[in-house]
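In order, the protein sequence lines correspond to chains A and B.
Under our numbering, the first sequence has 10 at position 9, and the numbering climbs by one with no breaks.
Under our numbering, the second sequence has 182 at position 101, and the numbering climbs by one with no breaks.
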Amino acid sequence: MPHLVLDPHLVLDKVSIHYDGQAEPAVELVSIDVAKGDFVVLVGRSGCGKTSLLNVAAGLVAPARGRASINGQPIAGPGSDRAVVFQNDALFPWLTARENVAFALRLRGIRPAERARRADELLELVKLTDAGDKRIWELSGGMRQRVGLARALAAEPEFLLLDEPLGALDALTRERMQTTLLDLWTASDVGVLMVTHGIEEALVLATRIVVLAPGPGRVVRSFEPGFSRRYAAGEAIRTIKADPAFAAARGELTDAIFEGEAA
Amino acid sequence: MTVTSYTERPGHKIDEADGLSVPWSRPSPKRKGVSARAVSVVTILVVLALWALSARLQLVSPVFLPSPVAVWNKFVLVARDGFVDATLLQHAVASLGRVFAALVAAIVVGVPVGLAIGISTIGRGIFDPLLEFLRPIPPLAYLPLVIIWFGIGEPSKILVITISMLAPVALSTASGVRGVSQERINAARSLGATQRQVVRHVILPSALPSILTGLRIALGAGWSTLVAAELVAATRGLGFMIQSAAQFLVTDVVVMGILVIAAIAFVLEFTLRRIECVLVPWAGRE
Chain A
2 MPHLVLDPHL VLDKVSIHYD GQAEPAVELV SIDVAKGDFV VLVGRSGCGK TSLLNVAAGL
62 VAPARGRASI NGQPIAGPGS DRAVVFQNDA LFPWLTAREN VAFALRLRGI RPAERARRAD
122 ELLELVKLTD AGDKRIWELS GGMRQRVGLA RALAAEPEFL LLDEPLGALD ALTRERMQTT
182 LLDLWTASDV GVLMVTHGIE EALVLATRIV VLAPGPGRVV RSFEPGFSRR YAAGEAIRTI
242 KADPAFAAAR GELTDAIFEG EAA
Chain B
82 MTVTSYTERP GHKIDEADGL SVPWSRPSPK RKGVSARAVS VVTILVVLAL WALSARLQLV
142 SPVFLPSPVA VWNKFVLVAR DGFVDATLLQ HAVASLGRVF AALVAAIVVG VPVGLAIGIS
202 TIGRGIFDPL LEFLRPIPPL AYLPLVIIWF GIGEPSKILV ITISMLAPVA LSTASGVRGV
262 SQERINAARS LGATQRQVVR HVILPSALPS ILTGLRIALG AGWSTLVAAE LVAATRGLGF
322 MIQSAAQFLV TDVVVMGILV IAAIAFVLEF TLRRIECVLV PWAGRE
């Protein structure tokens, strides 16, 4: 499949992942295509290889077979064109929130004044305007994930890889973060590949949901729920969630995830 | 990250500085007015009183056990007039100079060695057996060899102290490096960090709390090696002072020297803990 660089894609093509010392492959023949502007969410039961696939896209794990590529170029390792946000924020506690956000800029040798300015812009974008000078341990879980998000965005990635970034948050903080994510995605042309356990979260955020099943990990269904497009078009998130179509989609998605599992 | 400190940190205490409390037993509600610190003060006073009493009653000859007052007077005298051609301060400065020169050498060698052990398999293969060989040898055992090889000058003394500091510095650094979370390294790499940048910007700062703990232990080890290092051909230093006082049975100077060494060790330990609090305020908060 040839890809035009003018139409950037993050592609996993018939990827199999095999970890050393395991008889079964973790993932077999999975293909995922994320275009810029897409919001693709991977869901599935534990052990279906969601995070492994994300790590292949990040360049942290090499596939046993198949091809991972970005804009037609094979993925050989991690790169700032695909910034990752991890479940445990993985922030650097020896730096302030602002310095964490500016980390990618510092790696590129951008001058301190300039990177502080850019970091403050990003902190404002994730609604943490006054937290720049705070130490990481002074921040709540939700604030830390916002810093993690801003830090990833500072690298000006073409694609954002989110590994259950909201998994450790309480329900209310989680809902707020979902809107933050949607706002960021709507305002930019970044492509997102996200792993989550939350069924509602997947429905709210995704332009496409890929359902994986374990043993070995494979794609069983693919949905295009379209609720996030409605949010982008200006509809309120509460209205969307109250829509009977949302409840129906949730039922369908839940069935797809637990399909084939003994009841 | 894993907590590698050997003792609890100030500001993050398990409970009051009570060496007997174990982590799995809830400290019993404190009786009114009794704190561990008060008990410690009383203990020290009782020991002093027993010492004064036995000196006073001449249970032991003053040649062997001078009274606390005699030791104090000697302290004032030596501080002012000196002992064996140098004042107490000059002795202390000579000793501290050696220990700190050794500390710098131990950091310059030990931290990179620790990094190599923690980061690379080859580094671990090379340095681990060497350190494990060196670590349990008492300084007095390799002192003669160092003198044969390097003479009786100042470098030999510093070298002996450095050797005793090397293992704690290197091993603490290595354990700090191994404790760095993979997720943090992955995060840095996905933000575009090169291998070198990962070491500089992620691994070193992550290992810093552990490195500082290593320095604290090393300083203790070096300070206790001091007397051994100053046994040979020194003309100044606290160890030398004690040594020469012992040869003339000037017991009050010996006792005073021991107390001064202990006091300085205490101050060093305290200072390093403060430095840890300032440099790595995040330690123990994750």
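Quick reminder that beta carbons are idealized off the backbone N, C-alpha and C, glycines included.
Enumerate in chain order the residues of its own chain whose CB-to-CB distance from Val205 of chain A is below 8 Å, with the five nearest sequence positions on each side excluded.
Gln179, Leu183, Phe228, Ser229, Tyr232, Ile238, Ile241, Lys242
For the 8 Å Cβ check, are there 3 or more pairs between the segment 6-20 of chain A and the segment 34-46 of chain A?
yes
For Glu357 of chain B, count the other beta carbons within 10 Å of its own beta carbon; 16 or more makes it buried, fewer makes it exposed. Which is it?
Around the C-beta of Glu357 of chain B, 16 or more other C-beta atoms lie within 10 Å, and the residue is accordingly described as buried.
Whether or not the segment 182-193 of chain B and the segment 288-304 of chain B are in contact is what I'm after, with contact meaning three or more pairs of Cβ atoms, one per stretch, closer than 8 Å; do they touch?
yes
Could you tell me the distance, in whole angstroms, from the CA atom of Ser262 of chain B to the CA atom of Ser271 of chain B?
Between the C-alpha atoms of Ser262 of chain B and Ser271 of chain B there is a straight-line separation of about 15 Å.
Confirm, please, whether the CB-CB distance from Arg109 of chain A to Gly133 of chain A is below 8 Å.
Note that the C-beta distance between Gly133 of chain A and Arg109 of chain A is not below 8 Å.
Can you find a C-beta in chain B that's less than 8 Å from the C-beta of Ser81 of chain A?
For Ser81 of chain A, the answer is yes, since a Cβ of chain B falls inside 8 Å of its Cβ.
Should Gly273 of chain B be flagged as near chain A, meaning a C-beta pair shorter than 8 Å?
Yes, its Cβ sits closer than 8 Å to a Cβ of chain A.
For Ala269 of chain B versus Val258 of chain B, is the C-beta spacing smaller than 8 Å?
no
Under a three-way DSSP split, which group does Phe181 of chain B fall into?
helix
Helix, strand or coil for Gln263 of chain B? Go by DSSP, reduced to three states.
helix
Compile a chain-ordered list of the residues in the segment 9-27 of chain A whose CB is closer than 8 Å to at least one CB of chain B.
none
Under a three-way DSSP split, which group does Leu140 of chain A fall into?
coil
CA-CA distance, Arg317 of chain B and Arg179 of chain B?
11 Å
Pairwise C-alpha distance: Arg209 of chain A and Val44 of chain A
If I take the Cα positions, the gap works out to 11 Å.
Helix, strand or coil: how does DSSP classify Asp82 of chain A here?
Residue state, collapsed to three classes: coil.
Among B:Ser291, B:Thr332, B:Ala314, B:Phe347, whose alpha-carbon lies nearest the alpha-carbon of Ser305 of chain B?
B:Phe347
Contact list for Ala268 of chain B against chain A, beta-carbon separation under 7 Å
Val85, Phe87, Ala91
Can you give me the C-alpha to C-alpha distance between Asp82 of chain A and Ile18 of chain A, rounded to a whole angstrom?
22 Å
Spatially closest choice to Phe160 of chain A from A:Val16, A:Gln146, A:Ile76, by CA coordinates
A:Ile76
For Val103 of chain B, collect the residues of the same chain with a Cβ closer than 6 Å to its Cβ; drop the 5 residues on either side in sequence, then sort them by chain order.
Low local confidence applies: a pLDDT of 49 at Val103 of chain B is under 50, so the model's placement there is unreliable, with the coordinate-based value given in what follows. Correct list: empty, nothing qualifies.
Please look up how many angstroms separate the CB atoms of Ser135 of chain B and Val141 of chain B, rounded, as I've assumed it's under 8 Å.
6 Å
What does Leu108 of chain A reach in chain B if we use C-beta pairs closer than 7 Å?
Leu272, Gly273, Ala274, Gln278
In chain A, which residues lie with their C-beta within 8 Å of the C-beta of Val283 of chain B?
Phe93
Would Ala24 of chain A and Gly218 of chain A qualify as a contact pair, given that the criterion is a beta-carbon distance under 8 Å?
Judged by their CB atoms, Ala24 of chain A and Gly218 of chain A are not nearer to each other than the 8 Å cut-off.
Alpha-carbon spacing of Val86 of chain A relative to Val41 of chain A, whole angstroms
Their Cα atoms are separated by approximately 15 Å.
Cβ of Ala310 of chain B within 8 Å of Cβ of Lys238 of chain B?
yes
Roughly how many whole angstroms lie between the Cα atoms of Thr202 of chain B and Asp162 of chain B?
56 Å
Those residues which DSSP pairs with Gln88 of chain A across a bridge:
DSSP lists no partner for Gln88 of chain A.
Considering only their Cβ atoms, is the gap separating Pro166 of chain A from Gln74 of chain A smaller than 8 Å?
no
First and last residue of the uninterrupted beta strand (DSSP E) at Phe224 of chain A:
Its beta strand (DSSP E) spans residues 219-224.
If you draw a straight line from the alpha carbon of Ala250 of chain A to that of Pro226 of chain A, how long is it in whole angstroms?
7 Å
Would you be able to state if there are at least three C-beta pairs under 8 Å between the segment 328-336 of chain B and the segment 209-223 of chain B?
At 8 Å Cβ cutoff, the stretches do not touch.
Nearest-angstrom Cα distance between Glu260 of chain A and Val212 of chain A?
Near 10 Å, if we compare the C-alpha coordinates of Val212 of chain A and Glu260 of chain A.
Within 8 Å (strictly less), CB to CB, does Arg265 of chain B reach chain A?
yes
Whole-angstrom C-beta distance between Val102 of chain A and Glu155 of chain A, which should lie under 8 Å
Correcting the residue type first, residue 155 of chain A is Ala in the shown sequence and not Glu. Between Val102 of chain A and Ala155 of chain A the Cβ distance is about 5 Å, and since that is below 8 Å, they are a contact.
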